[in-house]
Amino acid sequence: MMKTILSKSSKFGIVAGIILIFCEMINLTSTLAEILEKLFTGGTAAKNAITPFYMGLVVGLIVFFTTINFLRTRNSQKKYSFGQGFFAAVTISIVSGLLISLLNIILGSYLVNGKDVRVYLEALAPDVIRAFLFQTDIQKAVTYYFMSTILGSMAALILFWISQKTNQPAKSVRALTHLKEKIQIGRAFERYPAVKTVLILLLIIAFLLLPLVINAYTISVLGIVLIYAIMGLGLNLIVGLSGQLVFGYVAFFALGAYTFGLLTAPKPFGIEMNFWLALLVSLIVAGIGGFLVGLPIMNLRGDYLAIVTLGFAEIVRILINSNLMADYTGGPQGIKNIGQPIQPSIFEKYFGEPLEDNVWFLYLIIFVFLIVLYAAFRLQYSRTGRSWEAMREDETVAQACGVTTSSYKVLAIVIGAAIAGAAGALYASRNTYTGPSEYAFMVSVNALAVVVVGGMGSIPGTLLGAFIIKGLPELLRDLENYRMVVFGALLIVMMIIRPEGIWPVKRRKLSVAPESIEILKEDLKP
Amino acid sequence: MYFEIKDLQVYYRAIHALKGISLTVNKGEIVALIGGNGAGKSSTLNSISGLVQGQSGVITYKDEVITGLPTDMIVKKGIIQVPEGRHIFPKLTVQENLEMGAFLNDNKAQVEEDMEHVYQLFPRMRERRTQPGGTLSGGEQQMLAIGRGLMGHPDLMLLDEPSMGLAPILVEQIFDIIFDINQTGTSILLVEQNAQMALAIADRGYVLETGEIVVSGTGQELLNDPKVQAAYLGGESEQEKLQKGDYYF
Numbered sequence: 001m002m003k004t005i006l007s008k009s010s011k012f013g014i015v016a017g018i019i020l021i022f023c024e025m026i027n028l029t030s031t032l033a034e035i036l037e038k039l040f041t042g043g044t045a046a047k048n049a050i051t052p053f054y055m056g057l058v059v060g061l062i063v064f065f066t067t068i069n070f071l072r073t074r075n076s077q078k079k080y081s082f083g084q085g086f087f088a089a090v091t092i093s094i095v096s097g098l099l100i101s102l103l104n105i106i107l108g109s110y111l112v113n114g115k116d117v118r119v120y121l122e123a124l125a126p127d128v129i130r131a132f133l134f135q136t137d138i139q140k141a142v143t144y145y146f147m148s149t150i151l152g153s154m155a156a157l158i159l160f161w162i163s164q165k166t167n168q169p170a171k172s173v174r175a176l177t178h179l180k181e182k183i184q185i186g187r188a189f190e191r192y193p194a195v196k197t198v199l200i201l202l203l204i205i206a207f208l209l210l211p212l213v214i215n216a217y218t219i220s221v222l223g224i225v226l227i228y229a230i231m232g233l234g235l236n237l238i239v240g241l242s243g244q245l246v247f248g249y250v251a252f253f254a255l256g257a258y259t260f261g262l263l264t265a266p267k268p269f270g271i272e273m274n275f276w277l278a279l280l281v282s283l284i285v286a287g288i289g290g291f292l293v294g295l296p297i298m299n300l301r302g303d304y305l306a307i308v309t310l311g312f313a314e315i316v317r318i319l320i321n322s323n324l325m326a327d328y329t330g331g332p333q334g335i336k337n338i339g340q341p342i343q344p345s346i347f348e349k350y351f352g353e354p355l356e357d358n359v360w361f362l363y364l365i366i367f368v369f370l371i372v373l374y375a376a377f378r379l380q381y382s383r384t385g386r387s388w389e390a391m392r393e394d395e396t397v398a399q400a401c402g403v404t405t406s407s408y409k410v411l412a413i414v415i416g417a418a419i420a421g422a423a424g425a426l427y428a429s430r431n432t433y434t435g436p437s438e439y440a441f442m443v444s445v446n447a448l449a450v451v452v453v454g455g456m457g458s459i460p461g462t463l464l465g466a467f468i469i470k471g472l473p474e475l476l477r478d479l480e481n482y483r484m485v486v487f488g489a490l491l492i493v494m495m496i497i498r499p500e501g502i503w504p505v506k507r508r509k510l511s512v513a514p515e516s517i518e519i520l521k522e523d524l525k526p
Numbered sequence: 001m002y003f004e005i006k007d008l009q010v011y012y013r014a015i016h017a018l019k020g021i022s023l024t025v026n027k028g029e030i031v032a033l034i035g036g037n038g039a040g041k042s043s044t045l046n047s048i049s050g051l052v053q054g055q056s057g058v059i060t061y062k063d064e065v066i067t068g069l070p071t072d073m074i075v076k077k078g079i080i081q082v083p084e085g086r087h088i089f090p091k092l093t094v095q096e097n098l099e100m101g102a103f104l105n106d107n108k109a110q111v112e113e114d115m116e117h118v119y120q121l122f123p124r125m126r127e128r129r130t131q132p133g134g135t136l137s138g139g140e141q142q143m144l145a146i147g148r149g150l151m152g153h154p155d156l157m158l159l160d161e162p163s164m165g166l167a168p169i170l171v172e173q174i175f176d177i178i179f180d181i182n183q184t185g186t187s188i189l190l191v192e193q194n195a196q197m198a199l200a201i202a203d204r205g206y207v208l209e210t211g212e213i214v215v216s217g218t219g220q221e222l223l224n225d226p227k228v229q230a231a232y233l234g235g236e237s238e239q240e241k242l243q244k245g246d247y248y249f
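Just so you know, the protein sequences line up as chains A and B, in that order. Mapping of the first sequence onto UniProt numbering: position 92 corresponds to residue 92, and the numbering continues sequentially without gaps. Mapping of the second sequence onto UniProt numbering: position 153 corresponds to residue 153, and the numbering continues sequentially without gaps.
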């Protein structure tokens, strides 16, 4: 028994050690320590003089979570005794402490000898290494590291032990569910439909007042989030509802943006069309693009669409970047001075003066967003939406039920592409510029992530996904270069905790005629 | 003639799945099509309902050629297939599954009436109507699949192995239900591996082997046919068959 615990806990120790080493090598540890220090002391931390306490805290926390994880693994079948837990915790802390100390001994001796590690590890400036050495010499630093790892794992052990003894987490979970039952929001909605309407109205009003109170930075972030939400809603129709995987969604976004650009910019054609008309045309052009892509594959099953759209996106991106089309698309320089809509005089009447351009444009995005949102809801619960869902669940049976699957497939792609086109047009108009570099593959990946993270086929999930994928990285700005690392880690954690997405689809409650319930009661009688 | 297949041939690339089969179904009959794995039973049904297009042959229904029509047209004409392996929509609720069965029916009142009819036939479905189809047990899923077929007002119902993977008591229940459906005037073409049960309720039957019909007759005749008994009903022991040397393939 002890032997298996020893080998398993030393494995966990090695994992903790590797995490510590990795975080130190990319200098994430000190950044985290800095943020913690800022959090606790109120933003006075100096960049290169992190208090050793916070450094230890970060190291301790990493070991803490590893130990908790170790203790929880066997929790379900057989509990560790306190002695076994203690033994494991000590092993974990010693192994991880050993590994991280080793790295710091090496780095410390480099520092003492006056060599610059930055040749190999870009992030590790001498100041940073000093911070990692707890601003003292190597021997003391090693002691501190062991202290932090041991304290971390002991804290985990004690916390776990207390929770085991008092059954604290189970109790709190039970309390939560109890609370949920007590409130029964859903039930209240069912009984008083007006409550739901009023709440939704209040939410919309709050949403509409938002642009007036937030600062310029938040306005720009919110604009991007909403544009991605529009894209997500469109892609959700294709991927979430009709169950076809589209990888190159950015192609339709680009089609919309460029169509809009060409129609409203003074160069190269000088059409300078009305905003709304141009928006409509870009929507239609993107829809036609979707139709052309969907046509050859409508009778195929499987992942062909993913590959075809991926290729299509690359073709579009390369074409708009190429010399061949440079006369029309401006090549790598893109299209400049794209038109923006004129602010209607209503705003001036109400507010006394015209709104600032960015505020007004945010309203415009919100307006388009609400229309798309409404359309998405209507589509999902329509006959078309139902047949998409049936197709996603089982194509053969859907066909056997009389759904002409090939045309419904193309329809999903066309509508989804048109929505992306509208989003693209908004995006181009917002930036008054569009260039090929904005339509990289990453945009498709982000749009897909919006749908998947939120919960495939779920409209509220898609909105949440847009806030997480495009909003969260902005909130994580403090982490500077590491925000993408942290963001990736968060995504992984989210998908582990909620594999169906954060807000998965819940089948709509069906309204049942009262007489049907009576019959049911009859049926259920013994 | 109510329903007739003449010399139907189906290829999947190089595989000759159906080598020219001919069969008929009269109005109000239950016709069983039995055969082992890979005999071409499902291919026959799929080509009737248009899911698979045959290379040659003519299918007529109510004196009208339906060969090559798209599936939704065939469904509209009242030929409804219940696919094999309890294919249901796992994430849609039971009620939504049933509603999909009436996809081509625009008459809402009619759909509700049909739903009520299905619920009467399968009280269990009413009980579970808000539950996702995937959470039902095997037998319930088969009932749901049949119920969904009924929602389309079948005139001729194509049942693909309704007993597959079910416990004997459930198999009996399902066959009772099939018999009841037939009593209300729906003609049934039943594909089965469970020859005993299928032939017991069938008016007539066909035995299909490697893409060809080898024996046909009334249900009773086939049940008494020694060759059919040997191959599908376990009439003789393996030893006896080997000794007699008339292994039926």
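Glycine included, C-beta positions come from ideal geometry on N, C-alpha and C. From a predicted model like this one, the values you see are computed outputs, not experimental measurements.
- With a threshold of 8 Å between beta carbons, residue 380(A) makes no contact with chain B.
- Taking all protein chains shown into account, residue 27(B) has fewer than 16 neighbouring C-beta atoms within 10 Å of its C-beta and is therefore exposed.
- Distances from the CA of residue 14(A) to each of 40(A), 88(A), 38(A) were compared; the closest alpha carbon is that of 88(A).
- By the criterion of a C-beta distance shorter than 6 Å, residue 222(B) is surrounded in its chain by 199, 205, 228, once the five residues flanking it on both sides are discounted.
- Counted as a single uninterrupted DSSP element, the alpha helix (DSSP H) harbouring residue 74(B) occupies residues 71-76.
- Taking a Cβ-Cβ threshold of 8 Å, none of the residues of chain B is close to residue 130(A); the smallest such distance is about 57 Å.
- Proximity of residue 75(B) to chain A, defined by a Cβ-Cβ separation below 8 Å, is satisfied.
- Chain B places a beta carbon closer than 8 Å to that of residue 387(A), counting this residue as a contact.
- Of all residues in the segment 128-143 of chain B, the ones placed with a Cβ closer than 8 Å to any Cβ belonging to chain A are 129, 130, 132, in chain order.
- With respect to the 8 Å criterion, residue 243(A) and residue 2(A) are not classified as neighbours on the basis of their beta carbons.
- Interface criterion not met: the Cβ of residue 451(A) is under 8 Å from no Cβ in chain B.
- Taken through DSSP and simplified to helix, strand or coil, residue 164(B) comes out as coil.
- Within its own chain, the residues whose Cβ lies closer than 8 Å to the Cβ of residue 208(B), once the five positions on either side in sequence are excluded, are 21, 33, 34, 35, 39, 40, 41, 44, 214, listed in chain order.
- Residue 491(A): member of the alpha helix (DSSP H) spanning 483-497, first to last residue.
- The beta carbon of residue 170(B) sits closer than 6 Å to the beta carbons of 139 from its chain, once the five residues preceding and following it are set aside; these are given in chain order.
- Under DSSP, residue 34(B) takes part in a beta bridge, and its partners are 192(B), 207(B).
- Legend: CB atoms of the segment 18-52 of chain B lying less than 7 Å from CB atoms of chain A belong to residues 49, 51.
- In this structure the segment 247-259 of chain A does not touch the segment 465-479 of chain A; the number of beta carbon pairs closer than 8 Å is below three.
- Residue 7(B): not part of any alpha helix (DSSP H); member of the beta strand (DSSP E) spanning 3-12, first to last residue.
- Listed in chain order, the alpha helix (DSSP H) elements of length 4 or more contained wholly in the segment 274-357 of chain A are 275-294, 304-321, 326-329, 345-351.
- Neighbours of residue 404(A) in chain B, taken as residues at a C-beta separation under 9 Å, are given in chain order as 70, 71, 72.
- Among the CB atoms of chain B, one or more fall inside 8 Å of the CB of residue 396(A).
- Beta-bridge partners assigned by DSSP to residue 434(A): 335(A).
- Counting C-beta pairs closer than 8 Å gives three or more between the segment 137-155 of chain A and the segment 49-66 of chain A, which meets the contact rule.
- Scanning chain A for C-beta atoms nearer than 8 Å to the C-beta of residue 81(B) yields 400, reported in chain order.
- Residues of the segment 84-102 of chain B with a Cβ closer than 9 Å to any Cβ of chain A, in chain order: 87, 88, 89, 90, 91, 92, 93, 95, 96, 97, 99, 100, 101, 102.
- Bridge partners of residue 217(B) according to DSSP: 205(B).
- Cβ proximity to chain B below 9 Å picks out nothing from the segment 426-445 of chain A.
- Cβ neighbours of residue 312(A) within its own chain (closer than 6 Å, five residues either side excluded): 248, 251, 293.
- In this structure residue 83(B) is in contact with residue 396(A), their Cβ atoms being roughly 6 Å apart against a cut-off of 8 Å.
- Sequence-distant Cβ neighbours of residue 414(A) in its own chain, meaning closer than 7 Å and more than five residues away, are 287, 290, 291, 294.
- The shortest CA-to-CA distance from residue 122(B) to any of 108(B), 31(B), 95(B), 154(B) is the one to 95(B).
- Cβ-Cβ separation between residue 132(B) and residue 393(A): approximately 10 Å, too far for a contact (criterion under 8 Å).
- Within the segment 27-38 of chain A, no residue has a Cβ lying closer than 7 Å to any Cβ of chain B.
- According to DSSP, residue pairing for residue 132(B) in a beta bridge involves 93(B).
- If you ignore the 5 residues before and after residue 144(A), its C-beta comes within less than 7 Å of the C-beta of 52, 56, 134, all in its own chain and listed in chain order.
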